[in-house]
Amino acid sequence: MHNNPLHIVLRKPCIEDAGTIWKLIHNSPPLDINSLYSYLILCAHFADTSVVAESAEEICGYVSAYIRPGHINTLFIWQVVVETERHGQGIAKMMINTILRRQYSNTIQYLETTVNPSNTSSNALFDSIAKSLNTRCEKSILFSKKDFGNLAHEDEILYRIGPFDTQ
Ligand SMILES: CC(C)(COP(=O)(O)OP(=O)(O)OC[C@H]1O[C@@H](n2cnc3c(N)ncnc32)[C@H](O)[C@@H]1OP(=O)(O)O)[C@@H](O)C(=O)NCCC(=O)NCCS
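For this note's numbering, count along the sequence shown from 1 and bump the result up by 16.
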């Protein structure tokens, strides 16, 4: 758990948070909403690499992430969300830094995520993280529009940030 001047509490998610996380993501376009079951699984199995931000005991931010199987030096960030009223206060960056500061994170040298080209704030967030970590950000297509078949979906651009040192 970590406190800061904004009075935001940052902690690992628990199973009881899954419903609130689902609602937060549901209310946060352009994020894809996944099933409640998937958030339950993320809270149950991936809490060590995920985080919720709370203000006055209400969840106002969430990051789901995991260590890529077969790539123990790479943290893959799946979804990042901050409630609209709280945008621009540094909460997303604070949440990601919290994961990178956890004790077991000292093996992490790369951070990966995917960003849609039209998502200005997400693009700015990860460019800013690369800059703060004083490292490179390589961009390539991970999933193309075609991979989504008939669904209208943008390319998912892989951002690979690193190498960096979390010590
Ligand atoms: C993307 C999102 C999580 C950013 O959260 P946030 O708490 O507002 O971001 P922060 O305040 O931590 O900002 C981090 C950096 O990104 C920059 N940034 C964030 N939003 C920006 C915007 N709309 N335009 C320009 N820069 C922006 C900030 O200036 C900051 O850079 P700096 O530290 O170098 O000054 C938030 O906009 C959101 O929840 N969007 C909806 C969901 C989504 O699209 N998630 C991402 C895809 S998974």
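Idealized CB from N, CA, C, for every residue including glycine.
With a threshold of 6 Å, establish whether the CB of I24 neighbours any heavy atom of ligand 1. No, since every heavy atom of ligand 1 falls outside the 6 Å radius drawn around the Cβ of I24.
When you compare the CB positions of V79 and L26, do they come within less than 7 Å of one another, or not? Result no, Cβ atoms of V79 and L26 do not sit closer than 7 Å.
Going by DSSP, what residue range makes up the alpha helix (DSSP H) through F159? No alpha helix (DSSP H) contains F159, which is instead part of the beta strand (DSSP E) from C153 to F159.
Mark S137 as exposed unless 16 or more other C-beta atoms lie within 10 angstroms of its C-beta, in which case mark it buried. Counting C-beta atoms within 10 angstroms of its own C-beta, S137 has fewer than 16 neighbours from the protein chains shown and is therefore classed as exposed.
For the stretch 29–75, list the beta strand (DSSP E) runs that are entirely contained and at least 3 residues long, ordered along the chain. Runs found: 67–71.
Rounded to whole angstroms, what is the Cα-Cα separation between P179 and R152? Spanning the two alpha carbons is a distance of roughly 7 Å.
Which whole runs of the alpha helix (DSSP H) in the stretch 92–159 are 4 residues long or more, in chain order? Segments of the alpha helix (DSSP H) lying fully in the stretch 92–159: 107–117 and 136–148.
Beta strand (DSSP E) containing L167: first to last residue? Premise fails: L167 is in no beta strand (DSSP E) and is neither H nor E.
Residue of H87, A168 and M111 minimising C-alpha distance to I24: Of all alpha-carbon atoms in H87, A168 and M111, the one lying nearest the alpha-carbon of I24 is that of M111.
Among residues of its own chain, excluding the 5 on either side of D171, which ones have a beta-carbon nearer than 6 Å to its beta-carbon? So the qualifying residues of the chain are I157, S160 and K161.
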